[in-house]
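Novice: Numbering (the working numbering), first residue to last: 17 to 119. Handing you this structure, nothing more for now.
The following block contains the structure:
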């Protein structure tokens, strides 16, 4: 897993949407996040930096801020034990009507 942080110089939201669409079409992308205030795009997945930058440079100027491995946050190894209610004994179920004999 790799984490790529890019600074994009787009002029409007339509360019941002086009960029997200191009990146989401690349195989291996797991997550895309865009910070509109700082014009930064964060891409997480097994992708090549050159392929990503090449696709985005067709739309707008791109600067690479950081590129490196991404470790998923560890989940708590202690599992919460959920106490289930004790199973109830099922009473025998008798039919309320008689069956006709089958010959």
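Where a beta carbon is used, it is the ideal one built from N, C-alpha and C, also for glycine.
Identify the continuous alpha helix (DSSP H) that holds residue 38 and give its terminal residues.
Specialist: If you number the chain shown from 1, residue 38 lands on position 22. Segment 29-40, the alpha helix (DSSP H) holding residue 38.
Novice: In the DSSP assignment, find the alpha helix (DSSP H) that holds residue 66 and state where it starts and stops.
Specialist: Residue numbering aside, residue 66 sits at position 50 when the chain shown is read from its first letter. Run containing residue 66: 65-73, per the alpha helix (DSSP H) assignment.
Novice: Helix, strand or coil for residue 43? Go by DSSP, reduced to three states.
Specialist: Working through the chain shown from its first residue, we reach residue 43 at position 27. The answer is coil: DSSP assigns residue 43 none of H, G, I, E or B.
Novice: Using beta-carbon positions only, say whether residue 3 and residue 35 come within less than 8 Å of one another.
Specialist: Lying outside 17 to 119, the shown extent of the chain, residue 3 is not represented and no answer is given.
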